Amino acid sequence: MSGTAYTAAELAERFGLGLRGDGAARVRGVATLAQAGAEQLAFLANPKYRAQLADSRAGVVVLREDDAAAHAGTALVARDPYAAFARIAALFEPRPRRAPGIHPSADIDPSAQVDPGAHVGAFVSIGARSRIEAGAVVGPGCVIGEDCVVGAGCELVARVTLVTRVRLGRRVTIHPGAVLGAAGFGLAMEHGRWLNVPQLGGVVVGDDCEIGANTTIDRGALDDTVLEEDVRLDNQIQIGHNVRIGAHTAMAGCSAVAGSAKIGRYCLIGGAAGVLGHLEICDKVVVTAMSLVTHSIREPGEYSSGTPLMDNRSWRKSAARFKQLDAIARRLGARGAD
Amino acid sequence: MSGTAYTAAELAERFGLGLRGDGAARVRGVATLAQAGAEQLAFLANPKYRAQLADSRAGVVVLREDDAAAHAGTALVARDPYAAFARIAALFEPRPRRAPGIHPSADIDPSAQVDPGAHVGAFVSIGARSRIEAGAVVGPGCVIGEDCVVGAGCELVARVTLVTRVRLGRRVTIHPGAVLGAAGFGLAMEHGRWLNVPQLGGVVVGDDCEIGANTTIDRGALDDTVLEEDVRLDNQIQIGHNVRIGAHTAMAGCSAVAGSAKIGRYCLIGGAAGVLGHLEICDKVVVTAMSLVTHSIREPGEYSSGTPLMDNRSWRKSAARFKQLDAIARRLGARGAD
Amino acid sequence: MSGTAYTAAELAERFGLGLRGDGAARVRGVATLAQAGAEQLAFLANPKYRAQLADSRAGVVVLREDDAAAHAGTALVARDPYAAFARIAALFEPRPRRAPGIHPSADIDPSAQVDPGAHVGAFVSIGARSRIEAGAVVGPGCVIGEDCVVGAGCELVARVTLVTRVRLGRRVTIHPGAVLGAAGFGLAMEHGRWLNVPQLGGVVVGDDCEIGANTTIDRGALDDTVLEEDVRLDNQIQIGHNVRIGAHTAMAGCSAVAGSAKIGRYCLIGGAAGVLGHLEICDKVVVTAMSLVTHSIREPGEYSSGTPLMDNRSWRKSAARFKQLDAIARRLGARGAD
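Residue numbers (this note's numbering), protein chains in the order written: chain A, 1 to 338; chain B, 1001 to 1338; chain C, 2001 to 2338.
This is the structure in structure tokens:
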């Protein structure tokens, strides 16, 4: 409730929003509809929460035109309330200062270059020939191996590892525990033992990408593993060697893409979904949670696999019948059916 | 076989167990039924291992009343042999000493508070305004960001990251590689590019929770992400922003909960199971391994999805028929069936 | 294109390969068929890429006898082109030098032993009674707890944690973020609260194993968790306490094995596949991606579960019918079918 305040009129002006009600209403922070108080701003985007609007004590609410009519209080009207809220909320986000400079404990190879405008935190290692550009933040405990680039304005929050040959564009954010550039899973069987196939490529990450906590992206075997610009990866994701992910694609937590698969632009990959190796998925494909992509997808649209959740007793019956499905269909004379 | 010894009678007395056989039998350690020797104690809880009892060379066995009759050797009789065994085994657990004090290499912000009775290990970073309470252990390589609290008696084993606004209750154990308080996956699409939604909340973890290796728990967008007391999370779990998990719920490895879902008390979530966002699961729900919860659950019980494991050739036939299921059912005139 | 060059004839001789075309052709590096230039060597193993052979500008191609006939350029003929390529590519792999010695920042318990021929990097912790053998590399940020052994020639790339009682054989490679030896998920419910079951065992990893980034392997409860020799684990894998994995088995990313399961030799476990606890899988079993093994497997072969990927609209129809399967089958009089 402390800090800078903005009036509703100022926010409307600044973000190009419609204003209903009291333009002098002051906003000192943001909160949910359920929790917001008199000097806080809330938003209504998901119709599921519409019922909360009437009871909300929020001083100002960001909402759509058609919800504004039903709202007696001060409102900011947006075509996309969630995006408008995101921009307003950023005004109130506490950002720890990361002053330029290198922490005295950092261990930096003499051949590495760190821009004077970059921040390098405690217990950071930077390997031979790597480069940290202006305004980049390399948080505590990060390990940057050989031949890496951390582009201008990147933020490696803490304990991020770039193993080798990882080139990040500008403004890439990487959350703790992520590992980029580890040797991909390349194995050949020879005389009954596994032989490692050298992983000579790197990882290229485009501008404005975000990579979640404990996500892993292997380096390519020969060519690079590539994320185009503005790709958003949640936590605990696994990206195999030589995968390519198109611009603006977002993947939810625990999803995984096997080696050499290509995913298009503006795709949405659900949580814990999987994509087999060497497949291609075109632009604007949605894969629902925990689905497994087993063949290439050439048409935009939504794709799924799996079965619905059931009580275990009923599920056991259906599951037992699943094993008999071919026999059942044959009995019906369905051989030729599609 | 070295170290402290206890007699069977001492153990019976100490843990309130029944005694059969030789109360003077000495116990110097614990082992499985198959491996235990004359001065070791074993247990029988899972009937699957009952056949091992006859051949066991264990000096003392903890078991249920109805198994005791069949056992000629010394036995401690418990209503819950596994719990009794757990308490006895703790007597023999080697616990590395973590002396109070701060390792000289640790990097601690001047505004942070570390209780003199806490242990802070090598290469630890502690950020502004964070507090480490009495008896807490912060193992090597941990990163504690801004505005965090590590409650009395907590143990962060090693390389744990608390990003920001993470408040741990008392006696919380966190295993290596876990990341709490990373920015949740909040995105709005605006003019064809992703816009980050500020993640202003924190993470609150109740007393006696345990969080597994490489598990991730994102901080809330506005309100906090919450684990109530005695929640047990295995390894590699992903908990999205604003999730709430009820007291005494246990989740097995690789499970995942998407943003804003609420899970009740005393639930058991199986390995690699998933829960979609914004759902509610009531108390005492069991979700079996690799099931996907796609709707709220309002009745206690066991729930499942998926299909049974089959040899691949048979599975291919059933899978092909799964695609024809609606046509098959229509042919049967099953339209109205439930 | 710099560095050492080899002639095709030299490579044929060195690796026992057949030679077609110009034995004097020089090779300075390796690349894909699509990318390789005149002084680079490519390979053709997967028939899917056969069409690229005609257009390839690669100076030398490693391929099978039956592909050699169709190729006008210089070729090295191998029974297994992928394995041959792996051996050749290793000649060109840049390997960062890790000189023997201990980084001055490392924090090593007085009772630990580090062989003078081992490399210990920056910000490494090594606990009481642990031993690092000759030629081993312990990269930056690793944490080695108490009573661990890192065998001769092992490489812990960076930020690897061995919690306690982890014994690695020789030439084990572990990628960043992996955690071995954390306490397994052993819980007993007592009076409505969880009680921890002490995890007194360790982890034993055989010679030549490889463990992927952010993979977790819990220590055993009483006996050890065991990987036999030459086991290959990809990234983000979870191995529960007391699991045993047979020699030469490979597991793809995000797969998981619950406690006390036993997996045989020469098995291939697909990505995101799961194995329930206490099961046994015999040798030479293939489990396809995202399948769940719910019973022991006693016959070699390929096993699967799940349903095929469908467009969401069609999938919803099949999924709804899955719930009716038992009723459908009963209507057909299929009660006795298998």
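Here a beta-carbon is modelled for each residue, glycine too, at the ideal position from N, C-alpha and C. Only a predicted model underlies this, so the values are computations on that prediction, with no experimental measurement involved.
9 Å is my cut-off, CB to CB: does residue i come that close to chain A?
i, result
"glutamate 1420/B", "Outside the displayed span of chain B (1001 to 1338) sits residue 1420/B, for which this structure offers no information."
"alanine 1320/B", "yes"
"leucine 2180/C", "no"
"isoleucine 2297/C", "no"
"glycine 2306/C", "yes"
"lysine 1284/B", "no"
"methionine 1310/B", "yes"
"phenylalanine 2185/C", "no"
"glutamate 2039/C", "no"
Spell out whether any CB of chain C is found under 9 Å from the CB atom of residue i.
i, result
"lysine 1323/B", "yes"
"leucine 11/A", "no"
"tyrosine 1303/B", "no"
"lysine 262/A", "no"
"methionine 290/A", "yes"
"alanine 1272/B", "yes"
"glutamate 133/A", "no"
"valine 1166/B", "no"
Can you name, in chain order, every residue of its own chain whose Cβ lies under 8 Å from the Cβ of residue i, other than the five neighbours on each side?
i, result
"alanine 247/A", "Gly206, Glu228, Glu229, Asp230, Val231, Arg265 and Tyr266"
"proline 2208/C", "The identity of residue 2208/C in the sequence shown is aspartate, whereas the question assumes proline. Hits under 8 Å: Gly2169, Arg2170, Arg2171, Val2172, Glu2229 and Asp2230."
"arginine 159/A", "Gly139, Pro140, Gly141, Cys142, Pro176 and Gly177"
"glycine 277/A", "Gly240, Ala258, Gly259, Ser260 and Ala261"
Since residue i and residue j should fall inside the 8 Å C-beta cutoff, what is the C-beta to C-beta distance between them, to a whole number of angstroms?
i, j, result
"alanine 84/A", "phenylalanine 15/A", "6 Å"
"glycine 21/A", "alanine 75/A", "6 Å"
"threonine 307/A", "glycine 1306/B", "6 Å"
"valine 1152/B", "glutamate 1133/B", "Strictly speaking, residue 1152/B in this sequence is alanine, with valine absent from that position. Rounded, the Cβ-Cβ distance is 4 Å, consistent with contact."
"threonine 2032/C", "aspartate 223/A", "6 Å"
"arginine 1219/B", "glycine 1184/B", "6 Å"
Between the C-alpha atoms of residue i and residue j, what's the straight-line distance to the nearest angstrom?
i, j, result
"serine 105/A", "threonine 294/A", "48 Å"
"valine 2061/C", "valine 150/A", "36 Å"
"phenylalanine 2322/C", "glutamate 1280/B", "24 Å"
"alanine 2337/C", "leucine 1332/B", "Model confidence at alanine 2337/C stands at a pLDDT of 44, short of 50, so the residue's coordinates are unreliable and nothing is read from them."
"leucine 1053/B", "aspartate 1067/B", "9 Å"
"arginine 2079/C", "alanine 221/A", "21 Å"
"serine 1255/B", "alanine 1273/B", "5 Å"
"isoleucine 1328/B", "aspartate 2311/C", "18 Å"
"isoleucine 217/A", "valine 203/A", "8 Å"
"isoleucine 1174/B", "arginine 95/A", "26 Å"
"glutamate 299/A", "cysteine 282/A", "7 Å"
"alanine 2086/C", "arginine 2050/C", "19 Å"
"leucine 1268/B", "glutamate 65/A", "43 Å"
"alanine 2009/C", "phenylalanine 2092/C", "17 Å"
"glycine 73/A", "proline 47/A", "18 Å"
"leucine 195/A", "alanine 1250/B", "40 Å"
"glycine 192/A", "alanine 90/A", "57 Å"
"arginine 2335/C", "valine 30/A", "The predicted model places arginine 2335/C with a pLDDT of 42, which falls under 50 and marks its position as unreliable, so this point remains unresolved."
Tell me which same chain residues have a C-beta within less than 7 Å of the C-beta of residue i, skipping the five on either side of it?
i, result
"aspartate 147/A", "Arg129, Ser130, Thr164 and Arg165"
"proline 1081/B", "Phe1043, Leu1044, Ala1045, Val1062, Leu1063 and Arg1064"
"isoleucine 297/A", "Ile281, Cys282, Val285 and Tyr303"
Go through its chain and collect everything with a Cβ distance to residue i's Cβ below 6 Å, but skip five positions before and after it.
i, result
"methionine 1189/B", "none"
"threonine 2288/C", "Gly2270 and Ser2304"
"valine 1137/B", "Arg1098, His1119 and Glu1155"
"tyrosine 2006/C", "Val2027"
Does any residue of chain B bring its CB to less than 9 Å from the CB of residue i?
i, result
"valine 157/A", "yes"
"cysteine 254/A", "yes"
"lysine 48/A", "yes"
"glutamine 2238/C", "yes"
"glutamine 35/A", "yes"
"alanine 83/A", "yes"
"proline 2110/C", "no"
Which parts of the stretch 1185-1235 of chain B are runs of the beta strand (DSSP E), unbroken and 3 residues or longer, counting only runs that do not cross its ends? Within the stretch 1185-1235 of chain B, the complete beta strand (DSSP E) runs of at least 3 residues are 1187-1190, 1193-1196, 1203-1205, 1216-1218 and 1225-1227.
Can you list the beta strand (DSSP E) stretches of 3 or more residues lying completely in the stretch 1058-1100 of chain B, in chain order? 1060-1063 and 1074-1077
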